[in-house]
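Working notes, structure below.
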Amino acid sequence: MTRLQHFGWFLARGFGPHGWGHPYLRWNHRWTSPDLYQDSARTLEQAGFDLLIIEDAPSLGSADTIDLRVRHAFGGPKHDPLLLAPYLFAATRHLGVVPTVNPAASLPYTAARQFATLQHLSGHRLGLNVVTDTGSARHFSAAPQLGHDAAYDRAEEWLGGIRDLWRSWQPGALVQDEQTGVYADGTRMDATRHRGEYFSFDGPLNAVPFTDGEPAIVSPGGSGRGLAFAGHNSDVQLALAPLDEQSIRAYRGRIHAAAEAAGRRPADVKILFAVQPVLVSSPEEADRLVAASAHPDDEALQAIARKQSSDLETDLTALDLDRPLDRGIFGEHVSQGSIARLVGKHDDDAPLRTLLAAHARLGRLHDGSGFVGTADEFADRIEELGEWGNDGVLLWGDLHPVTVHRVLDDLVPILRRRDILREEYVDGGLRANLQAF
Ligand SMILES: Cc1cc2nc3c(=O)[nH]c(=O)nc-3n(C[C@H](O)[C@H](O)[C@H](O)COP(=O)(O)O)c2cc1C
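As structure tokens, this is what we get:
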């Protein structure tokens with residue numbers, strides 16, 4: 511039995527130099543101008559997508575790793591996605607737009623006011639991807655960098671404070687009675703005096719209440735603390751997990767338990783699994799691509815080393831490919847999870863070439879070994895996810911017309927024929943569309 515699912519796009523490189531390092535750069539779009547993103551946002555809306563999430567990292571990294579991050583534009587530059595959002599709202603009528611925001615970077619009162627303004631301007635289509643990365647801390651205050659769980663504690667306090675401010679206008683506070691000339695009733699506004707561990711501020715908020723609900727909250731963290739945050743706060747969880755039945759059900763079970771522990775319904779959190787498919791026109795072409803990926807040449811390995819060097823803020827490009835990786839090269843700042851992902855299942859004495867080659871290896875969609883296949887094969891996988899109770903899928907990539915069309919042109923009609931992808935939106939903005947099924 512097929513069922514409707516929600517679809518989102520994750521602009522994984524943030525608001526940065528799109529097309530850099532790809533042949534499609536010659537399409538001559540300018541990444542600093544809104545047209546590039548407006549064009550793709552219109553396509554996502556035509557395709558019935560619920561939301562577009564824009565990754566962000568406000569920092570170029572520390573002084574000694576900056577060059578690794580910017581040399582091939584993997585880690586920066588990036589402009590502020592919150593300021594791109596109004597241009598995308600102006601180009602669309604239904605699509606939800608979800609910039610990434612970090613509680614380290616803005617005070618609750620300012621954030622509550624900006625988000626409220628965008629929620630109104632967009633017809634209630636704003637979402638916020640709340641992240642807790644602490645690597646950029648030094649740009650925002652002299653306070654010491656927080657640990658992993660403390661960053662989540664701060665995010666809970668920040669979001670709780672923002673919600674208190676949004677709710678500081680009680681029902682009936684906005685009067686708008688032309689007869690009496692009364693616009694608002696100041697006696698129905700809460701002072702919202704917040705004195706917390708990380709923030710202190712007073713309300714009430716200088717923005718009117720919402721008619722169709724608060725901005726939707728999206729969260730990406732997959733740790734125990736991250737899932738608890740999602741259970742408490744999120745409308746959408748950005749999920750990373752292998753796409754087999756057991757992993758999907760286990761992940762969903764953990765989020766649902768966290769939601770129930772926070773007094774919410776499991777259905778309040780839509781769980782979207784992230785996928786980056788490579789769609790080709792025939793199974794034979796897919797087989798050829800997969801076979802070729804098993805034998806990457808040195809140039810392909812260097813390209814992977816460059817990307818990993820940026821992510822890990824550690825230069826792997828000058829290392830001997832035929833020697834084992836010395837883990838001593840990673841400084842304290844490098845996440846153990848990222849190192850574990852680089853190493854995969856290999857032993858300590860595996861040469862770097864083997865580790866990098868594993869990252870080049872592609873697999874086929876139809877047998878679950880990877881994400882290369884035809885649009886029909888991808889639709890089969892999505893349909894199967896739906897049979898396991900899945901809420902939806904988040905496609906991962908650049909927001910460039912070439913990428914968007916390459917993935918969606920054949921896929922959208924197939925998903926619509928199978929009643930997996932919506933034909934139309936409901937009124938009421940992002941929240942209403944997320945809750946429509
Ligand atoms: C899929 C995914 C997307 C993320 N996107 C961002 C991002 O755009 N910006 C950012 O600063 N951190 C991002 N993060 C980092 C998380 O907010 C968090 O700091 C980190 O994953 C640790 O959380 P966890 O241990 O709960 O997974 C992302 C994490 C994941 C798993």
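Counting from 511, one number per residue, gives the positions in the sequence shown under my numbering.
Even glycine gets a Cβ: it sits at the ideal position worked out from N, Cα and C.
- With 16 or more neighbouring CB atoms inside 10 Å of its own CB, Gln747 falls in the buried class.
- A residue is called buried when at least 16 other Cβ atoms come within 10 angstroms of its Cβ; Thr824 meets this threshold and is buried.
- Here Gln556 carries a helix assignment [DSSP, helix/strand/coil].
- Of the heavy atoms belonging to ligand 1, at least one sits nearer than 7 angstroms to the Cβ of Ala567.
- 8 angstroms or more divides the Cβ of Leu605 from the Cβ of Arg581.
- In the structure shown, the three-state DSSP call for Lys817 is helix.
- Ranked by Cα distance from Asp808, the first of Leu782, Arg863 and Trp530 is Arg863.
- Listed as beta-bridge partners of Thr610 by DSSP are Asn639.
- For Trp530, the secondary structure class from DSSP, reduced to helix, strand or coil, is coil.
- In chain order, Ile563, Val608, Thr610 and Val728 place their CB closer than 6 angstroms to the CB of Asn639, counting only its own chain and leaving out the 5 sequence neighbours on each side.
- Annotation for Phe517: no alpha helix (DSSP H) segment contains it, though the beta strand (DSSP E) segment containing it runs His516 to Leu521.
- Of the candidates Ala615, Ala683 and Met699, the residue whose Cα lies closest to the Cα of Val692 is Ala683.
- DSSP, read as helix, strand or coil, puts His856 in coil.
- Not a single heavy atom of ligand 1 lies less than 7 angstroms from the C-beta of Val788.
- DSSP, read as helix, strand or coil, puts Asp778 in helix.
- Nearest to Arg705 by alpha-carbon distance, out of Trp668, Asp886 and Gly558, is Trp668.
- Judged by DSSP in its simplified three-state form, Gly723 adopts coil rather than helix or strand.
- The beta-carbon separation of Trp537 and Pro527, rounded to 13 angstroms, does not stay under the 8 angstroms limit for a contact.
- Linking Ala828 to His910 through their CA atoms gives a straight-line distance of about 32 angstroms.
- Look at Val914 here: in three-state DSSP terms it is helix.
- In the three-state DSSP reduction, Ser729 falls in the strand class (E or B).
- Your pair Ser819 and Leu570 does not check out as a contact, with CB atoms roughly 14 angstroms apart and the cut at 8 angstroms.
- Of the candidates Gln846, Pro719 and Leu750, the residue whose Cα lies closest to the Cα of Gly736 is Leu750.
- If you check the C-beta of Ser733 against ligand 1, you find a heavy atom less than 7 angstroms away.
- Assignment of Tyr693 by DSSP, reduced to helix, strand and coil, places it in the strand class.
- Gly529 has its alpha-carbon roughly 10 angstroms from the corresponding atom of Ala583.
- Taking all protein chains in view, the Cβ of Lys855 is surrounded by fewer than 16 other Cβ atoms within 10 Å, so the residue is classified as exposed.
- Taking 8 angstroms as the upper bound for CB-CB distance, Leu598 and Tyr662 are not in contact here, some 28 angstroms apart.
- For Gly526, the Cβ stays outside the 7 angstroms cut-off from all heavy atoms of ligand 1.
- In this structure the segment 648-662 does not touch the segment 692-701; the number of beta carbon pairs closer than 8 angstroms is below three.
- With fewer than 16 other CB atoms across the displayed protein chains lying within 10 angstroms of its CB, His805 is exposed.
- The Cβ neighbour count for Asp859, taken over all protein chains shown within 10 Å, is under 16; the residue is labelled exposed.
- Between the beta-carbon of Ala622 and that of Leu675 there is about 4 angstroms, and that keeps the pair under the 8 angstroms contact cut.
- Taken through DSSP and simplified to helix, strand or coil, Gly880 comes out as coil.
- Non-local C-beta neighbours of His516 in its own chain, meaning closer than 7 angstroms and more than five positions away in sequence, comprise Asp560, Lys780, Leu782, Asp901, Gly902 and Leu944, ordered along the chain.
- In the three-state reduction of the DSSP assignment, Gln846 falls in the helix class, which pools H, G and I.
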